[in-house]
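Inspection log for the structure reproduced underneath, given as structure tokens.
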Amino acid sequence: MERQIQNWDQFSDRFSEMQAWLNQLRSRMPEAIDEAETLQPLDQLRKVIWNHHNIQKALEERKVSMYEVVDQGRQLVHMESNVRG
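The opening residue of the sequence shown carries number 2 in our numbering; numbering runs sequentially from there.
Take a look at the structure:
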């Protein structure tokens with residue numbers, strides 16, 4: 002029982018960390034480009050594209066750890082359902 006509590010605590014910490022990181026990343030996301038913005042100077046469009054590229058790169062770098070958190074959550078739920086079922 003103590004081991005299960007430790008596992009849930011560890012998962013909760015990792016999930017909270019990942020959620021905070023994703024929220025921070027979301028706050029950096031630019032608005033969608035509309036037709037009027039495509040008429041803006043090229044430098045401004047480059048900044049928007051660069052920002053999208055950086056967000057995509059950040060997601061790619063953390064993709065493995067995001068899947069690990071999801072898998073850990075699934076395993077814990079599966080273990081709980083086996084114990085109760």
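Note that beta-carbon positions come from the ideal geometry of N, C-alpha and C, so glycine has one too.
The beta carbon of Leu26 lies closer than 8 angstroms to those of Ile56, Ala59, Leu60 in the same chain, with the five residues before and after it left out. If you draw a straight line from the Cα of Ser28 to the Cα of Ala21, it is about 11 angstroms long.
With the rule of 3 Cβ pairs closer than 8 angstroms, the segment 44-51 does not count as touching the segment 6-19. Its chain contains Met19 as the residues whose beta carbon lies nearer than 7 angstroms to that of Met67, once the 5 sequence neighbours on both sides are disregarded; these appear in chain order.
Contact annotation, Val70 with Phe16: C-beta distance approximately 6 angstroms; criterion of less than 8 angstroms satisfied. It is roughly 43 angstroms from the alpha-carbon of Asp14 to the alpha-carbon of Leu43.
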